[in-house]
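Quick notes on the structure that follows.
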Amino acid sequence: FNQKDVLMTRTIAIFAAAFMLLAVPVTLQAAGSGDDDNTSSAPSINDTYRAAVQAVEAKDYRKAISLLNDIIGRQPRHPNALNYLGYSHRKSGDYARAVTYYKKALSLDPEHRGANEYLGQAYVELGNINAAVERLEALEKICGIDCDEYRSLKVSIDSAMARKAKQG
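Below, the structure written as structure tokens:
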């Protein structure tokens, strides 16, 4: 072998090793995403997400926030977890954090119906009807006027506008 061949062989070996190092975590994550994985003491992201959704449904927002933060710590680009994190903060009265998490979810998935609706709901609750209407318009483009998210946000906006008109 000449020096050029040795250098090429080393370069290929380095790329192959780097590829293997990058591929192993993906393979392990895919293998560990099943329900029958008992090799790890930490629950899978899917299991943690299911527990977080149950906590949200039970209105245990403190627990939901803890579980959702765990998910985001392990998988920061999880729009559903970010959406529920926003929801849990909103229901806990922390609108600034709620809006931040909804916007993060939408930056990852601009057509996320839940994040669009819940961000709109937050804007309604904050009195920013114009911003809520923007979310409603986004939902109309995403899913039309017959999807649950559109209808729910429309009812909230209409109610807020009726209250505002009554007040004069």
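According to the working numbering, the stretch in the sequence shown is residues -7 to 160, in order.
Just so you know, even glycine gets a beta-carbon here, dropped at the ideal spot from N, CA and C.
Please classify serine 99: is it buried, with 16 or more other beta-carbons within 10 angstroms of its beta-carbon, or exposed?
Under this definition serine 99 is an exposed residue.
Glutamate 103 (DSSP reduced to helix, strand or coil):
Glutamate 103: coil per DSSP, three-state reduction.
Close beta carbons around glutamate 132, own chain, < 7 Å, minus the five adjacent residues each side
Excluding positions up to five away in sequence, the list reads Tyr142.
What number of angstroms, rounded off, separates the C-alpha of alanine 43 from the C-alpha of tyrosine 115?
Straight-line Cα distance between these residues: approximately 28 Å.
For alanine 47, which residues in the same chain have their Cβ closer than 7 Å to its Cβ, ignoring the five residues on either side in sequence?
Annotation for alanine 47: Lys55, Ala56 and Leu59 place their beta carbon closer than 7 Å to its own, counting only its chain and skipping 5 residues before and after.
Given a threshold of 16 other Cβ atoms within 10 Å of its Cβ, counted over all protein chains shown, does alanine 22 qualify as buried or as exposed?
In this prediction, alanine 22 scores a pLDDT of 39, lower than 50, which makes its location untrustworthy; no coordinate-derived value is stated.
On the DSSP letters alone, give me the boundaries of the alpha helix (DSSP H) that aspartate 39 sits inside.
Per DSSP, aspartate 39 belongs to the alpha helix (DSSP H) from 37 to 49.
Closest by C-alpha distance to isoleucine 64, when choosing among Ile149, Lys146, Tyr93 and Asp101
Answer by Cα proximity: Tyr93.
What number of angstroms, rounded off, separates the C-alpha of valine 147 from the C-alpha of alanine 157?
Cα to Cα, the separation comes out at about 15 Å.
Could you give the DSSP three-state label for proline 71: helix, strand or coil?
Collapsing the DSSP output to three states places proline 71 in a helix.
Kindly indicate which three-state DSSP category asparagine 122 falls into: helix, strand or coil?
In the three-state DSSP reduction, asparagine 122 falls in the helix class (H, G or I).
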